[in-house]
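As structure tokens, the structure follows; a few thoughts come after it.
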Amino acid sequence: MNHLIQIKNLGKTFKDFWYRPVIEAVKDLNLTIQQGEVFGLLGPNGSGKSTTLKMLLGLLRPTRGTIELFEGLRPEDVAVKARLGYLPEVSHLHEFLTPRETLMYYAALFGLPQVDAKRRTKELLQMVGLESVADRAVGRFSKGMARRVGLAQALINAPELLILDEPTSGLDPIGCREVKDLVRLLAKSGVTVLMTSHLLADVEDVCDRVAIMNKGERCAYGSTRDLLRNPDMVRFSVSGLTAEVAAEIRLQLEQRAARPVQQDFPEMSLEAYFLKVVSPDANNTAFKVAPFLEKKQ
Amino acid sequence: MKTIRKIFGIFLLALRASLRTKTVFALLLLMVTSVFLLPAVVKGDGTPQGDCHILVLYTLGFSFALLCLSTLWAACALFAAEIDNQLIQLSAVKPVCAFEFWLGRWFALLLLNAIALFAVYSAVYLQLRWKQRQPGWRESVQLVNRSVVHPLLPTPQEEAQEAYELLAKQKELPQGLSKAQILRVLTTKAQERYTIVNPGESISWRFQLPRPIATNELITIRLRFDTEYSTRTQVTGVCRIASDVLDAPMVEVPLDDFSLQEIEFDLSCQAFHLKHDLSGINLFFTHTGNPAKASALMLRFRKDVVVLTQGGSFEANLLRSALVHWSVLALLAAFGLTLSACFSLPVAVFSSTILLLLVMIGTSVTEVVSVEEEKEWLKKPGILVSRGVSAIAHHALRIDPLESVINGERIEDQAVGEALAWNVLLSPACFAFLGILILRRRELASGD
Ligand SMILES: Nc1ncnc2c1ncn2[C@@H]1O[C@H](COP(=O)(O)OP(=O)(O)OP(=O)(O)O)[C@@H](O)[C@H]1O
Ligand SMILES: [Mg+2]
């Protein structure tokens, strides 16, 4: 496995106008991210997640430590920038541009030929479900719609490394679901994804490994499965049992384990219920991730 | 190829930004109003010449000043606003070099300025042509374009050097001043030096014509002068003009109307009876006034005695003027962009405006600073700054194209070339270099 990102002893201290230190946003952070994995960066507000990402992107300069990307390159290198896509935590877009023009602009910044840029723009607009509003100025877009434009521009160059800062913030549940699918499918096709989120369920669903930050420090780090496994607990879920059978099995379990057994009736998650009620097909602003990825392959 | 695509993308975005924001339209409206309203509002002296002055000097000048300010501010906004509202973060993570950003935006400003200048100049030109069709105008206002030929004289620097050596020989050099300081004063004096022609005295100049003048062409001779105490009544004179062929016949022109401070007369080259084109002229002036009553004439050789030859069409001159103005705007755009890369929007706008004002007053400050003041250390920084700024501005604003246009004097190729080279190539390159250095050093996400 290749180390796509290697962060060593990274630290960032923000200073005020007079160069007095104001806050140490990131302290002594060490991370390695492998090619092809989905890595989640978690933490409460103000724990330094976005600051870390910005340093990775060369938008902020580290106070201490080193960052290496794509084996030996530095964040400022143009070669690095050509290979990554970035979605900032707030979608800042040029308000007077339409989504189509926005995507064409960012395609131009990658030096894509006009034909490729047009094709790519069309595909991405379709994917994020903004085709019908592709010629309206983004200044009047809702938060989620702007977010979709942001996501589309992050993919304009078919990046090898995708850095997403809270990709699901502002999206409706269907959008969230689709973004998660997208991330998973992109990862399958070899794209490395680094994302932050507060929504733990999101991270749990898609991330292979996570790091949890608090007050700028890394306090947990490892594969999601390892971190979440409760070593001596087992849970069975069975549908269609009658009450008598259930009672009988419970009795047997108690006898075998010599411990009390907890029994519950799982509810559907609200997300699952929402998705069941609001059918994605009825909503024309939905993502169309599957056809997009099919086309890619 | 990729670089061109990137620059073009940035160029297009800047164009769109300017076209889709209301400020540009407000500006355009203001300019259109000024072009059509100013000539109507500003009271001239009632003569067609006066109207012409207002149209060219004030209207075009005002529109140009407006463009200067708006170009500067727009340029200041281009990076600063994007950094302030964090939009730059998305572009900065794309594989675009700082110079591509800088160039793309600068090109957009260049194009916008070209369009605006074209609009303003055309509007003024159409008004001029339209007014020329009115009675009174056609006779009195001539839209011409003539090359200005100055007499062959040592340069002010040479003259200053000579004067310095003379002073040195006579041991009369002022104490406590460096050679450079003395030379600077002497050069300024040489430029503005008056020569006095007393009644009965004669004086002559030689002119080398920049191109041969055909025998059927007209040349014009212009003299400007002052008189002692501005008494003009007693002055009479005669001009004798000869081609620079040996024993050539002289043309004699008596002058007696010195009521204006300028005398201009046309001369057909046929008068010289030459077989070939005219390449040089000798001009003799004799003050024929009564020595008892007449007052002396005062002339500044370097400015006041000129020969004018056909220089092309008026339109061509107007175009050159527009080109010079465009070059100044290009310089301002580059300057604004670099400030924009260094500072936040309010700071950039404030400092650029202050600097622009400094340029305007800088020239006058450096002229009035006395040698004694220069030595006071308290005043030194101020003088240094204004001198530096005006040194830069001196190159940028070497010629005043509108003054030339209104005087019907051709803006020479060399002047246009120099303006373009200095304002569109050299200085912007320096500013770009500086701006790019700073852009690369800055943390674009810190937002302060
Ligand atoms: N430009 C800045 N100048 C000064 N302090 C900053 C700057 N940017 C971030 N900080 C501080 O650094 C700390 C970490 O901020 P950061 O944005 O990285 O947090 P985060 O983990 O992304 O939080 P959230 O979950 O709310 O997005 C915060 O205390 C914040 O106030
Ligand atoms: Mg954040």
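Residue numbers (our numbering), protein chains in the order written: chain A, 1 to 297; chain B, 298 to 745.
C-beta: ideal position from N, C-alpha, C; glycine also.
Out of A:Gly111, A:Glu131, A:Val289 and A:Val115, state which residue places its alpha-carbon closest to the alpha-carbon of arginine 100 (chain A).
A:Glu131
Sub-8 angstroms separation of phenylalanine 96 (chain A) and alanine 137 (chain A) beta-carbons
yes
Assigned secondary structure, tyrosine 221 (chain A) (DSSP; H/G/I helix, E/B strand, else coil):
strand
Would you tell me roughly how many angstroms separate the C-alpha atoms of leucine 31 (chain A) and glutamate 37 (chain A), rounded to the nearest one?
13 angstroms
Closer than 7 angstroms by C-beta to leucine 628 (chain B): which residues in its own chain qualify, once you throw out the five before and the five after it? Chain order, please.
Ala693, Asn720, Ser724 and Pro725
Should alanine 50 (chain A) be listed as close to ligand 1, given that the test is whether its C-beta is under 7 angstroms from any heavy atom?
According to the sequence shown, residue 50 (chain A) is serine rather than alanine. Flag set: Cβ of serine 50 (chain A) near ligand 1.
With a cut-off of 8 angstroms, do at least 3 Cβ pairs link the stretch 108-115 of chain A to the stretch 407-419 of chain B?
no
In terms of alpha-carbon separation, which member of B:Ala645, B:Leu366, B:Thr484 and B:Ala371 lies closest to alanine 314 (chain B)?
B:Ala371
So for methionine 328 (chain B), helix, strand or coil by DSSP?
helix
Check whether the Cβ atoms of phenylalanine 292 (chain A) and glutamate 123 (chain A) lie closer than 8 angstroms to each other.
yes
How big is the Cα-Cα spacing for leucine 59 (chain A) and glycine 609 (chain B)?
56 angstroms
Any beta-carbon of chain A closer than 8 angstroms to the one on threonine 517 (chain B)?
no
Hey, how far is the Cα of asparagine 587 (chain B) from the Cα of threonine 517 (chain B)?
28 angstroms
Roughly how many angstroms separate the alpha carbons of arginine 229 (chain A) and aspartate 381 (chain B), rounded to a whole number?
45 angstroms
Nearest neighbour of valine 393 (chain B), chosen from B:Ala362, B:Ile304 and B:Gln467 [CA to CA]
B:Ile304
When B:Ser641, B:Val682 and B:Lys677 are compared against leucine 653 (chain B), the one with the closest alpha-carbon
B:Val682
Could you give the first and the last residue of the continuous beta strand (DSSP E) run that contains methionine 213 (chain A)?
209-214
Separation of leucine 515 (chain B) from valine 417 (chain B), as counted between CA atoms
32 angstroms
Residue range of the unbroken beta strand (DSSP E) whose run includes aspartate 165 (chain A)
161-165
In chain B, what lies closer than 9 angstroms to glycine 111 (chain A) by C-beta?
Met298, Lys299, Thr300, Ile301, Arg302, Lys303, Gly306, Pro392 and Val393
Under DSSP, the beta strand (DSSP E) around aspartate 563 (chain B) begins and ends at which residues?
559-565
Cβ-heavy atom distance, asparagine 382 (chain B) to ligand 1, below 7 angstroms:
no
Quick one: does the C-beta of threonine 168 (chain A) sit closer than 7 angstroms to a heavy atom of ligand 2?
no
Does lysine 12 (chain A) have its Cβ less than 8 angstroms from a Cβ in chain B?
no
Which word fits alanine 688 (chain B), buried or exposed, when buried means at least 16 other C-beta atoms lie within 10 angstroms of its C-beta?
exposed
For valine 32 (chain A), the first and last residue of its enclosing beta strand (DSSP E)
Note that residue 32 (chain A) is threonine in the sequence shown, not valine. Residues 21-34.
Closest residue to isoleucine 538 (chain B) among B:Asp523, B:Asp553, B:Gly497 and B:Gln567 (Cα-Cα distance):
B:Gln567
Say whether chain B places a C-beta atom closer than 8 angstroms to the C-beta of valine 115 (chain A).
no
Which of the three DSSP states is assigned to valine 721 (chain B) in this structure?
helix
Check: glycine 46 (chain A) C-beta below 7 angstroms from any heavy atom of ligand 4
In terms of ligand content, the structure shown lacks ligand 4 and carries ligand 1 and ligand 2 instead.
CB of valine 332 (chain B) within 8 angstroms of CB of tyrosine 355 (chain B), strictly:
no
Neighbourhood of threonine 121 (chain A) by C-beta distance below 7 angstroms, restricted to the same chain and skipping five residues each side
Arg100, Leu103, Met104 and Ala107
Whose C-beta lies closer than 6 angstroms to the C-beta of proline 496 (chain B) among residues of the same chain, with five residues either side of it excluded?
His584, Gly586, Pro588 and Ala591
Is glutamate 217 (chain A) near ligand 2, with its Cβ less than 7 angstroms from a heavy atom?
no
What separation, rounded to the nearest whole angstrom, lies between the Cα atoms of glutamate 379 (chain B) and glycine 732 (chain B)?
15 angstroms
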